[in-house]
Amino acid sequence: MDKDQNVVLKQMISEDGAYKSLYENHPDSIYIMDVQGRYVGANRSALEITGYTYEEMNKLADEAWSQESAVLRKHYLLQALQGESPRFEMDFIHKNGGIRRSIVTYVPIKADGEIVGIFGIAVDITDKVTSLEHLKELNNRHSLILNSVSEGIFGLDAGGRTIFMNPAAMDMLGTCPEQFSGIRSLMNLQHTRADGSHYAAMESPISRTMADGVPRSMEEEIFWRKDGTSFLVNYRVAPIMDQGRIEGAVVFFSDITNEREVLRAKESAERAALAKADFLAMMSHEIRTPMNGMIGMADLLLETELNEDQRSYAEILHSSSHNLLQILNDILDFSKIEAGKMSLQTEACDLRELVGGVIDLFTPKAQEKQLALRWWADTSVPESLTADPNRLRQILVNLVGNALKFTERGSITLSVKNISLPYSQSNLLEFSVRDTGIGIACSKQNLLFQSFSQLHPSINRKYGGTGLGLAICKQLVELMGGTIFVESEEGEGSTFRFLLPFQEGTECQEQAGP
Numbered sequence: 001m002d003k004d005q006n007v008v009l010k011q012m013i014s015e016d017g018a019y020k021s022l023y024e025n026h027p028d029s030i031y032i033m034d035v036q037g038r039y040v041g042a043n044r045s046a047l048e049i050t051g052y053t054y055e056e057m058n059k060l061a062d063e064a065w066s067q068e069s070a071v072l073r074k075h076y077l078l079q080a081l082q083g084e085s086p087r088f089e090m091d092f093i094h095k096n097g098g099i100r101r102s103i104v105t106y107v108p109i110k111a112d113g114e115i116v117g118i119f120g121i122a123v124d125i126t127d128k129v130t131s132l133e134h135l136k137e138l139n140n141r142h143s144l145i146l147n148s149v150s151e152g153i154f155g156l157d158a159g160g161r162t163i164f165m166n167p168a169a170m171d172m173l174g175t176c177p178e179q180f181s182g183i184r185s186l187m188n189l190q191h192t193r194a195d196g197s198h199y200a201a202m203e204s205p206i207s208r209t210m211a212d213g214v215p216r217s218m219e220e221e222i223f224w225r226k227d228g229t230s231f232l233v234n235y236r237v238a239p240i241m242d243q244g245r246i247e248g249a250v251v252f253f254s255d256i257t258n259e260r261e262v263l264r265a266k267e268s269a270e271r272a273a274l275a276k277a278d279f280l281a282m283m284s285h286e287i288r289t290p291m292n293g294m295i296g297m298a299d300l301l302l303e304t305e306l307n308e309d310q311r312s313y314a315e316i317l318h319s320s321s322h323n324l325l326q327i328l329n330d331i332l333d334f335s336k337i338e339a340g341k342m343s344l345q346t347e348a349c350d351l352r353e354l355v356g357g358v359i360d361l362f363t364p365k366a367q368e369k370q371l372a373l374r375w376w377a378d379t380s381v382p383e384s385l386t387a388d389p390n391r392l393r394q395i396l397v398n399l400v401g402n403a404l405k406f407t408e409r410g411s412i413t414l415s416v417k418n419i420s421l422p423y424s425q426s427n428l429l430e431f432s433v434r435d436t437g438i439g440i441a442c443s444k445q446n447l448l449f450q451s452f453s454q455l456h457p458s459i460n461r462k463y464g465g466t467g468l469g470l471a472i473c474k475q476l477v478e479l480m481g482g483t484i485f486v487e488s489e490e491g492e493g494s495t496f497r498f499l500l501p502f503q504e505g506t507e508c509q510e511q512a513g514p
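Each residue of the sequence shown is one higher than the last, beginning at 1 in the UniProt record's numbering.
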């Protein structure tokens with residue numbers, strides 16, 4: 001019976017010329033199977049798509065299909081043998097080992113009312129499936145990018161309808177996919193300028209880009225949320241082009257409301273600080289004049305005949321006036337620096353004379369505390385250099401005064417070195433103040449050059465001070481183009497160094513102070 005059926009099947013292909021031409025030249029793969037599922041014929045397309053010859057096709061068994069497809073094939077063969085025409089997808093293993101995906105339709109072949117075989121009609125969709133998978137992968141990547149960026153992004157079609165919106169945009173605009181998809185949202189989104197005036201129809205920057213195709217970047221514009229509230233944005237809009245036609249626009253935006261509020265608060269605080277600093281800087285003369293008068297009167301009072309109590313009171317007045325003047329000087333200098341009104345008055349100065357003068361100023365106090373106070377300068381340090389002697393003296397007085405204040409035993413050394421810079425005509429002067437005082441813990445050293453900073457309340461109570469001295473030193477050193485830093489260990493003393501640039505000058509012999 002099988003042999004007779006095969007004869008019938010082959011006759012169907014060979015006897016009718018028109019039928020045979022259609023069969024052989026059809027672009028889809030067409031093959032004929034007997035009721036056992038064995039191939040007895042295949043057209044040119046089927047041979048090309050599988051890579052097999054006609055003879056090889058006739059000998060194919062289950063190895064031509066994946067395990068899953070082999071099961072599907074048997075299932076749909078049974079349906080076809082029952083008179084049905086099932087349509088399904090299945091994988092076929094190419095002769096070279098590659099997998100081909102096809103959409104297959106089985107059609108029963110009848111002769112004298114009996115099913116004698118099955119037509120298999122297969123449309124190869126491998127390339128289409130590959131393209132769809134690649135497109136799906138690209139879409140997934142694009143979705144990941146859109147979902148991960150903090151900027152709001154949305155797209156509009158040519159009619160102003162929303163076609164996509166990332167989560168950041170939905171969050172900022174207070175909407176969800178069901179509410180925005182396909183809705184004409186542009187007029188609801190942007191209809192007012194930051195100054196409160198309304199845009200005329202089709203005059204918003206987004207509308208204009210959709211009309212003329214010109215990208216635009218806008219700052220401090222207003223977007224409106226679905227609930228009717230507004231917020232400040234910076235945004236960029238670019239046209240969506242297809243073969244030279246404007247098909248819509250994509251908008252990238254950021255909510256700058258908090259950023260703008262912070263900036264305005266910062267600007268307000270800066271204006272207030274500048275006004276305060278300007279006031280204090282302008283009041284410098286007015287504040288110092290009465291203080292100098294008080295100090296002068298205390299000096300005169302101490303030159304008169306006083307009893308023991310009176311002299312003690314006058315000395316307290318004199319000392320307190322000097323201390324108050326120093327505090328005022330620190331505050332006023334710091335305010336001048338903050339206001340940008342501190343300027344350097346440079347002139348030629350004798351460096352050794354300046355350093356020696358600072359040491360002489362503190363020698364009585366050092367002797368009172370039984371501390372060794374000394375200084376030295378390197379032989380290559382010039383006799384004279386151009387600097388602001390008053391500000392340089394102020395830095396050294398602050399550093400030596402601090403060292404003296406926080407040292408109870410041992411010594412304080414002020415040194416000056418010349419540091420040559422390779423491949424440069426300029427040199428650096430390194431000023432160093434080393435003491436054997438209480439030292440500073442590593443965790444506290446970052447506070448030293450901050451304004452009004454105190455290392456510990458107990459230290460402030462014992463030693464006093466405004467917490468401005470080192471901050472002023474840092475500002476002055478940097479104003480001179482230098483840098484300052486500290487090396488210290490708690491209980492082992494401290495070394496403060498600062499480096500200042502200068503042009504190389506006349507060398508002299510090393511000289512030690514008293």
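No residue lacks a Cβ here, since even glycine has one placed at the ideal position from N, Cα and C.
What you are looking at is a predicted structure, and each value in this text was computed from that prediction instead of being measured.
Distance CB(residue i)-CB(residue j) smaller than 8 Å
| i | j | result |
| --- | --- | --- |
| residue 315 | residue 300 | no |
| residue 200 | residue 222 | no |
| residue 31 | residue 77 | no |
| residue 476 | residue 394 | yes |
| residue 249 | residue 265 | no |
| residue 519 | residue 498 | Within the shown structure, residues of the chain are numbered from 1 to 514, placing residue 519 beyond reach of any answer. |
| residue 398 | residue 473 | yes |
| residue 414 | residue 382 | no |
| residue 169 | residue 210 | no |
| residue 294 | residue 321 | yes |
| residue 100 | residue 130 | no |
| residue 371 | residue 412 | yes |
| residue 34 | residue 117 | yes |
| residue 256 | residue 233 | yes |
| residue 93 | residue 65 | yes |
| residue 500 | residue 480 | yes |
Nearest residue (CA-CA) to residue i, options the options
| i | options | result |
| --- | --- | --- |
| residue 390 | 100, 410 and 358 | 358 |
| residue 491 | 402, 439 and 48 | 439 |
| residue 119 | 51, 39 and 332 | 39 |
| residue 25 | 44, 174 and 489 | 44 |
| residue 188 | 117, 409 and 230 | 230 |
| residue 470 | 68, 416, 333 and 356 | 333 |
| residue 191 | 225, 176 and 217 | 225 |
| residue 339 | 278, 84 and 126 | 278 |
| residue 343 | 392, 406 and 152 | 392 |
| residue 68 | 83, 49, 89 and 50 | 89 |
| residue 48 | 58, 29, 60 and 66 | 29 |
| residue 102 | 276, 244, 72 and 172 | 72 |
| residue 56 | 365, 75, 95 and 87 | 95 |
| residue 149 | 368, 253, 353 and 468 | 253 |
| residue 431 | 212, 155, 58 and 396 | 396 |
Strand pairing of residue i, partner residues [DSSP]
| i | result |
| --- | --- |
| residue 492 | Its beta-bridge partners do not exist; DSSP assigns none. |
| residue 175 | Partner(s): none; residue 175 has no beta bridge. |
| residue 111 | 114 |
| residue 103 | 89 and 123 |
| residue 75 | None; residue 75 has no bridge partner. |
| residue 129 | Answer is none; residue 129 lacks a bridge partner. |
| residue 210 | For residue 210, which the question treats as bridged, DSSP gives no partner whatsoever. |
| residue 417 | 430 |
Local conformation of residue i per DSSP, three classes
| i | result |
| --- | --- |
| residue 37 | coil |
| residue 517 | The first residue shown for the chain is 1 and the last is 514, placing residue 517 beyond what the model contains. |
| residue 384 | strand |
| residue 431 | strand |
| residue 28 | coil |
| residue 498 | strand |
| residue 334 | helix |
| residue 514 | Its pLDDT being 39, under 50, residue 514 is placed unreliably by the model, and nothing is read from it. |
| residue 440 | coil |
| residue 322 | helix |
| residue 215 | coil |
| residue 508 | Per-residue confidence for residue 508 stands at a pLDDT of 38, beneath the threshold of 50, marking its modelled position as unreliable; the derived number appears in the next sentence. Correct three-state label for residue 508: coil. |
| residue 1 | Per-residue confidence for residue 1 stands at a pLDDT of 45, beneath the threshold of 50, marking its modelled position as unreliable; the derived number appears in the next sentence. It is coil, neither helix nor strand. |
| residue 225 | coil |
| residue 167 | helix |
| residue 344 | coil |
| residue 191 | coil |
| residue 220 | strand |
| residue 378 | coil |
| residue 406 | coil |
Contact test: residue i Cβ vs the ligand SAH heavy atom, cutoff 7 Å
| i | result |
| --- | --- |
| residue 357 | With respect to small molecules bound, the structure shown includes none, and the ligand SAH cannot be examined in it. |
query: Are at least three pairs of beta-carbons, each pair with one atom in the region 430-439 and one in the region 386-406, less than 8 Å apart?
result: yes
- prompt: With a cut-off of 8 Å, do at least 3 Cβ pairs link the region 109-116 to the region 131-146?
  reply: no
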